[in-house]
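All remarks here apply to the structure that follows.
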Amino acid sequence: MKLRNLLVTLAASAVTVISASALAQAPIVIKFSHVVTADTPKGQAADKFKELAEKYTKGRVKVEVYPNSTLYKDKEEMEALQLGAVQMLAPALSKFGPLGVKEFEVFDIPYIFPFKYVLNKVTEGPIGKGLLKKLEPKGITGLAFWDNGFKVMSANKPLIHPADFKGLKMRIMSSKVLDDQMRVLGANPQVMAFSEVYQGLQTGVVDGTENPPSNLYTQKMYEVQSDVTMSNHGYLGYAVIVNKKFWDGLPADIRTELDKAMTEATAFEKIAAERDNDMAMAAVRKSGKTKVHELTDAEQAEWRKALMPVQDHMASRIGKDLIQAIKNESRPGAK
Ligand code: LMR
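Read in order, the letters of the sequence shown correspond to residues 60 to 394 in our numbering.
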């Protein structure tokens, strides 16, 4: 009987050792969900992060990328991150208002970034760091800002003058600044998940929308919009975010390697955003499926005048100091 007990004990401890070592080898899984196609700047950067994270951690981390709303759509993804059902997202900066971090909507204010270098100073400097810090009380850690350039407007009629927007149902992201932007133009803003926009435009649920060219192109929205206006009236960027509990729970050396992968993926993404938005607009023009309108200086001035009130309307929501701090970055001689 003693020999039998000994054999059973040895067998049990052998199983424990194997399962422990098997557990020790099991990779840490990061589910990275996003709502755009894999061939957009954000989609390519997510794949680049996967490649570098798995390389630098020597396989101790496995990144599973779920593009184009295949895992979660707009509204669901933020909830899933906070619950820990997904570990990483890169939502548009316009989508943090419902989370209670209204300051991120400062990026939606029309014409607040007169040049791209001003935007880069904001996202790469103390203002950007301060904004990411505001996510922590929500159980979220902000890792980086990714770029997708300036937006164009589209509809099934030419949008040349602000008055052309009157009565149009215009799709927007869930941002009070974008809501006000469309209202001051006389349009009716409709919040809609990104994955539903093509069908919304195709069926007439909405008449038009705004996007960087890479989104207009990769979602084939130009096929169901007769007119596109090169307005560049507003900016679209992203915050790459992780579940804070998950991130803080990682071994320090793994976090260091993931930070390195994120830094390199961010540099990669900025180049892709510049390149791919230009390429997308060229492809839209070449398709001949939509008429592309350039605004004259006088027309641009009309748009700026019409959209200027948005900044004042939203100052109490976003914070006058934050708006001023960003405008100070544009002043000549600002460091
Ligand atoms: C949108 O909903 O229009 C954007 O957030 C899509 C994107 O680029 O993430």
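Just so you know, even glycine gets a beta-carbon here, dropped at the ideal spot from N, CA and C.
For clarity, every value in this text was computed on a predicted model and none was experimentally measured.
{"Item": "Contacting residues, own chain, Cβ-Cβ under 7 Å from GLY118 (five flanking each side not counted)", "Value": "PRO86"}
{"Item": "Reduced DSSP secondary structure (H/G/I, E/B, other) of GLY378", "Value": "coil"}
{"Item": "Opposing strand residues paired with LEU148 [DSSP bridges]", "Value": "SER92, ILE300"}
{"Item": "Inter-residue Cα distance where the pair is VAL287 and GLU136", "Value": "30 Å"}
{"Item": "C-alpha distance - GLU138 paired with ASN127, whole-angstrom precision", "Value": "17 Å"}
{"Item": "Touching by the beta-carbon criterion (3+ pairs, under 8 Å), the stretch 245 to 257 and the stretch 177 to 197", "Value": "no"}
{"Item": "PHE166 to ASN336 span [Cα, whole Å]", "Value": "18 Å"}
{"Item": "The ligand LMR heavy atom lying under 7 Å from the CB of ASN291", "Value": "no"}
{"Item": "Beta-carbon proximity of LYS304 to GLY198, cut-off 8 Å", "Value": "yes"}
{"Item": "Same chain only: Cβ atoms within 6 Å of PRO271, ignoring 5 sequence neighbours per side", "Value": "ASN207, GLY208, LYS210, LEU295, ASN336"}
{"Item": "Segment contact flag, the stretch 322 to 331 with the stretch 212 to 224, C-beta cutoff 8 Å, min 3 pairs", "Value": "no"}
{"Item": "In DSSP terms, what GLU269 is bridged to", "Value": "MET212"}
{"Item": "With 16 other Cβ atoms within 10 Å as the buried cut-off, status of TYR281", "Value": "buried"}
{"Item": "Selected residue, minimal CA-CA separation from TYR131, among ASN64, GLN146, LYS121", "Value": "GLN146"}
{"Item": "Identified DSSP bridge partners for GLN278", "Value": "For GLN278, which the question treats as bridged, DSSP gives no partner whatsoever."}
{"Item": "Backbone secondary structure at GLU323 - three-state DSSP", "Value": "helix"}
{"Item": "Neighbour-count burial assignment, LYS161, 16 or more Cβ in a 10 Å radius", "Value": "buried"}
{"Item": "Run of the beta strand (DSSP E) containing GLU123, from where it starts to where it stops", "Value": "120 to 125"}
{"Item": "ASP312 burial status per 10 Å Cβ neighbour count (16 or more: buried)", "Value": "exposed"}
{"Item": "7 Å CB neighbourhood of GLY259 in its chain, flanking five on each side removed", "Value": "ARG230, MET251, VAL265"}
{"Item": "DSSP state of ILE199 mapped onto helix, strand, coil", "Value": "strand"}
{"Item": "Distance, PHE108 Cα to LEU194 Cα", "Value": "21 Å"}
{"Item": "Cut-off 6 Å between Cβ atoms - residues of its own chain near LYS192, not counting five sequence neighbours on either side", "Value": "none"}
{"Item": "Pair within 8 Å by beta-carbon distance, LYS235 and ARG376", "Value": "yes"}
{"Item": "Closer than 7 Å: ASP238 CB and nearest the ligand LMR heavy atom", "Value": "no"}
{"Item": "C-alpha gap between LYS225 and LEU152, whole angstroms", "Value": "27 Å"}
{"Item": "Opposing strand residues paired with ILE87 [DSSP bridges]", "Value": "VAL120"}
{"Item": "Element boundaries [beta strand (DSSP E), containing ASP286]", "Value": "286 to 288"}
{"Item": "For PHE91 and GLU123, believed in contact at Cβ under 8 Å, the rounded distance", "Value": "7 Å"}
{"Item": "Sequence-distant residues of its chain with Cβ nearer than 6 Å to MET212 (five each side left out)", "Value": "LEU218, GLU269, THR288, SER290"}
{"Item": "Pick from TRP205, GLY184, GLN240 that is closest to ALA384, judged by C-alpha positions", "Value": "GLY184"}
{"Item": "Inter-residue spacing [alpha-carbon to alpha-carbon] between ASN302 and LEU309", "Value": "11 Å"}
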